[in-house]
Amino acid sequence: MHLAALHSPSQIQLNQDGHLKHFLTIEGLSKETLTKILDTANSFFNDQNQLITTPLLEGRTVMNLFFENSTRTRTTFEAAAKRLSANVLNIDIARSSTSKGETLRDTLWNLEAMAADIFVVRHSSSGAAHFIAQTVCPNVAIINAGDGRHAHPTQAMLDMLTIRRETKKNFEDISIAIIGDIKHSRVARSDVAALQTLGCKDIRVVAPNTLLPYGFEEYGEGVRLFNDMEAGIKDCDVIITLRIQNERIDSPALASQAEFYKMYGLNKERLAMAKLDCIVMHPGPMNRGVEIDSSIADGPQNVILRQVTNGIAVRMAVLALAMQGQLQEKGLIEAIAV
Amino acid sequence: MHLAALHSPSQIQLNQDGHLKHFLTIEGLSKETLTKILDTANSFFNDQNQLITTPLLEGRTVMNLFFENSTRTRTTFEAAAKRLSANVLNIDIARSSTSKGETLRDTLWNLEAMAADIFVVRHSSSGAAHFIAQTVCPNVAIINAGDGRHAHPTQAMLDMLTIRRETKKNFEDISIAIIGDIKHSRVARSDVAALQTLGCKDIRVVAPNTLLPYGFEEYGEGVRLFNDMEAGIKDCDVIITLRIQNERIDSPALASQAEFYKMYGLNKERLAMAKLDCIVMHPGPMNRGVEIDSSIADGPQNVILRQVTNGIAVRMAVLALAMQGQLQEKGLIEAIAV
Amino acid sequence: MHLAALHSPSQIQLNQDGHLKHFLTIEGLSKETLTKILDTANSFFNDQNQLITTPLLEGRTVMNLFFENSTRTRTTFEAAAKRLSANVLNIDIARSSTSKGETLRDTLWNLEAMAADIFVVRHSSSGAAHFIAQTVCPNVAIINAGDGRHAHPTQAMLDMLTIRRETKKNFEDISIAIIGDIKHSRVARSDVAALQTLGCKDIRVVAPNTLLPYGFEEYGEGVRLFNDMEAGIKDCDVIITLRIQNERIDSPALASQAEFYKMYGLNKERLAMAKLDCIVMHPGPMNRGVEIDSSIADGPQNVILRQVTNGIAVRMAVLALAMQGQLQEKGLIEAIAV
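Protein chains in written order, with UniProt numbering: chain H, 1 to 338; chain V, 1 to 338; chain E, 1 to 338.
Now the structure itself:
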């Protein structure tokens, strides 16, 4: 892959009318597009706040291509696609593609020729989904389910949906703290991009310097760095605690779980620094007692499990919207009407 | 798990109106409840005695959580759920729950938050399904698909359905022999409990002392122990032969397959001691030539494969009933109407 | 298995009215039956040449029994069955059947008793599907998804559909070359049988002697052998290049990939010997640069990916037709009406 030769994702994930036809990354999408995703996701809840099932993707075939194993994310996409009445095929892509000496390109073309409408792609390399969308299968709707450390855009959108539904405030008016292992998180970068696009003016990244990525200063407008937990949290409307990955613990970057908890673990005393109605989010899976205390994880301000439910709604939304964007580009439908 | 602190399953598996909302164990369920399950299962056969497909669980999500592998039982639940038009997700629960250091409780809450309506749980520990129903996910309908040596309640109910459909006699009027490895069987205890509840007055447990569990004398009313095969079978209406588990053979409890067959194997001579219209059942998989002779396994009195078909109907019934019991408890439907 | 005692497949794969009730092999099927399959497959494309979804198998249960792993073929059958609205269960048959000492026969009977309507069978032994259809589960529609080196009949039918749709010529009027590893290919024998039945009069088998099977001269009418690539291709309407299996390379039969490519690789110079509108087919997965040059694999005459799409349509057709043939035999429907 010569990633240098790729067009920017923002160019290729939209059709000629400016609607999503792939969903690869938050970067480059407009506020209108993100809002359309959130509105569509919202429409999948009924009056009792429960997820509906709809025939939007009836007769469509969604293939899950998980080059990297992630049982949980795959399950959420499978649940979302089935709620849209799609046929779902979990492809054992690692085994399919390489065991018989076929090129990956040929494997993907074969899967497309099995009448696939949507590929949900998880890959450990940054840009894999982008590469497939641009150069291999542009006529299949490609949904990025996480690539390398780069992007996890459906996680970002479920975080945005949760903030909107749970705070009932405008993105312009809220203060958000993202705490922890920014460096190794697929989530942090996508969250910051989404928040900026949606107009958030006070985004605080709270971490020790060893857990900040190089070039962090380029995150841009509205983002401030805090090494001090209390200052970072102060008067926030939303706190997003990130998972400390086990394999990072006891590395030079992070001396011990106990030390991290002492410096950055979210507990009652610290949460009290935030606004009274501050919500607490976490992308899961949680390390209780490391980045978050159980009293908070199970406490009244946590919205962690609602994030999971919102994740189904958001995945339904991007599946449905990208499918419609493809059909519109091919002239098979005139307008997006989710 | 502090199992001592759990309420009895009979308390937690019924909703406020006395209808099933989980299906954990036969013990404590009333004759009316068991009969409702059998009637509902019966309603899933059409006039040609073939299983129907119905939209009863359309839009509902069933997750199979098999902590212990059992391809066959999982397949029967998957087939049953799909006949009810549910979305079915097979969760690789062993991999999901532990690999990232998350607690099992958090894993289950996450799955529930993916808008699961029903968990089908198979676990090697007695009481696992009960524990989940009481303390982790009381708002998800929990179906016990076998736990430890304790309970295998859907197997018991498919046995009851088979007895009712094949003998066309009342449970009060029949004599039943259960033969073989009572000690290690999930089936025997559940079968005895169901038979007692349904009014059966002559239940004979036939086994060498080494294959009887401790405390067997507590099985209670209507149950008699036989070491002698011929006496145990005499004039029976129903014979249930149990599987000898391979790993037990050649243990001190069971000197050899040949010896067991000689003492307790069901063959023509022995079957002739039972009533002429006695039916022969086996939970599968069979060891032909050990607990049952092939002439019987394939003979006119065997109903072994009809048990399998009845197993789909019974699983459809408990899935549908527990779902309705949950909805009723939440005030979303008024009455159970399968 | 005493294969000698089996009836011929042509006898057992048809019902009393001469309609398919299993699909085991091309041999013995009439031109009318093959044409019916092709017509039915064609009917599953809409006006935009896209595969439709239909309720033909709604409420039916299709079980995939892959004794031998083949992710790709399994995926195509799963996609086909879901487009027919069937319930699909992928059975881990290797694990189910043997781990508990049960006989294969008992395992299959159990699966049938779970209300299976169709088994899709892939097995490394020639005749396995035939054996199951004749002696184990005659009332389940058995579809052969490839057995040993013997038959791969759905691949043959998708090749026939591709020839019909892409050349728009009659089978009587075309010349076809099948090139490469005839000896180890499941495809070649089935393709030749289908072409003969459909009336093709000029079938050329092009290979070195080391890659021809024993008894090749018995292929019969219309088939000629060529060791010389150019002579074999000359004036052809259709070229089918076969996969060289990696494990054969560097065996005595095939000194090296480079040598094979030099003698039999399809490149521009050689393709120019064929008719101008000659189409190029390959069953996949391809070894680019061994049996086929990339300029041909991606060139304007290749129809390789359309074969894959046609494969879904053909599998839909045999699933639907065999199901109807079973229902007709049981008196449940009067006429085949796909």
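Ideal Cβ placement from N, Cα and C applies to all residues, glycine included.
Given the structure is predicted, the values throughout are model-derived calculations rather than measurements.
Reduced DSSP category for residue i - H, G, I as helix; E, B as strand; rest coil
i, result
"R122 of chain E", "strand"
"A116 of chain E", "coil"
"R288 of chain E", "strand"
"G146 of chain H", "strand"
"R315 of chain E", "helix"
"T25 of chain E", "coil"
"T309 of chain E", "helix"
"L65 of chain V", "strand"
"T241 of chain V", "strand"
"E334 of chain V", "coil"
"S294 of chain H", "helix"
"residue 342 of chain E", "Residue 342 of chain E is absent from the structure shown; chain E starts at 1 and stops at 338."
"V303 of chain E", "coil"
"residue 349 of chain H", "As displayed, chain H neither begins before 1 nor continues past 338, which places residue 349 of chain H out of reach and without an answer."
"A177 of chain E", "strand"
9 angstroms Cβ cut-off: residues of chain B touching residue i
i, result
"E78 of chain E", "No chain B appears in this structure, whose protein chains are H, V and E."
Residue i: contacting residues in chain E (beta-carbon distance under 8 angstroms)
i, result
"M157 of chain H", "Residues of chain E passing the Cβ test: none, with the nearest at roughly 28 angstroms."
"T309 of chain V", "A113, M114, A115"
"D92 of chain H", "T71"
is_contact[residue i, chain E] using C-beta, thresh 8 angstroms
i, result
"K100 of chain H", "yes"
"L24 of chain V", "no"
"K183 of chain V", "no"
Chain V residues whose Cβ lies nearer than 7 angstroms to that of residue i
i, result
"G59 of chain E", "T53"
Burial state of residue i, where buried means 16 or more other Cβ atoms lie within 10 Å
i, result
"A272 of chain V", "exposed"
"T197 of chain E", "buried"
"Y219 of chain V", "buried"
"P283 of chain E", "buried"
"K82 of chain V", "buried"
"R146 of chain E", "A quick correction: the sequence has Gly, not Arg, at residue 146 of chain E. Buried."
"I178 of chain E", "buried"
"T210 of chain V", "exposed"
"I239 of chain H", "buried"
"Q16 of chain H", "exposed"
"A258 of chain H", "exposed"
"E291 of chain V", "buried"
"S175 of chain E", "buried"
"Y214 of chain H", "exposed"
"P153 of chain V", "buried"
"A231 of chain V", "exposed"
Proximal residues of chain H, C-beta to C-beta of residue i below 7 angstroms
i, result
"M286 of chain E", "E102, D106"
Where residue i meets chain H, residues with beta-carbon distance less than 9 angstroms
i, result
"R95 of chain V", "N69, T71"
Cβ distance (whole Å) where residue i is taken to contact residue j below 8 angstroms
i, j, result
"A317 of chain E", "T103 of chain E", "Contact doesn't hold; Cβ gap of about 33 angstroms is too wide."
"V136 of chain H", "V62 of chain H", "With 8 angstroms as the limit, V136 of chain H and V62 of chain H do not qualify as a contact, their Cβ atoms being about 17 angstroms apart."
"H19 of chain H", "A141 of chain H", "Incorrect: roughly 11 angstroms between the Cβ atoms, too far for contact."
"I182 of chain V", "L158 of chain V", "19 angstroms between Cβ atoms; not a contact."
"T162 of chain H", "R306 of chain H", "6 angstroms"
"I143 of chain V", "I118 of chain V", "6 angstroms"
Cutoff 8 angstroms: residue i Cβ touching any chain H Cβ
i, result
"N110 of chain V", "yes"
"M1 of chain E", "Model confidence at M1 of chain E stands at a pLDDT of 40, short of 50, so the residue's coordinates are unreliable and nothing is read from them."
"T40 of chain E", "no"
Residues that residue i contacts on chain E, provided the C-beta gap is smaller than 7 angstroms
i, result
"D202 of chain H", "None at all; the shortest Cβ gap to chain E is about 48 angstroms."
"L266 of chain V", "By Cβ distance, chain E contributes nothing, its closest Cβ being about 16 angstroms from L266 of chain V, past 7 angstroms."
"T75 of chain V", "L89, I91, M114"
Contact set between residue i and chain E, taken where Cβ atoms lie within less than 9 angstroms
i, result
"K31 of chain V", "Within 9 angstroms Cβ-Cβ: nothing; K31 of chain V doesn't reach chain E, min ~28 angstroms."
"I312 of chain V", "A113, M114, A115"
Residues that residue i contacts on chain H, provided the C-beta gap is smaller than 8 angstroms
i, result
"L242 of chain E", "Result: empty, since nearest Cβ-Cβ is about 14 angstroms, beyond 8 angstroms."
"L305 of chain E", "W109, N110, E112, A113"
Residue-chain proximity (residue i, chain V), Cβ-Cβ < 8 angstroms
i, result
"K82 of chain H", "yes"
"H152 of chain H", "no"
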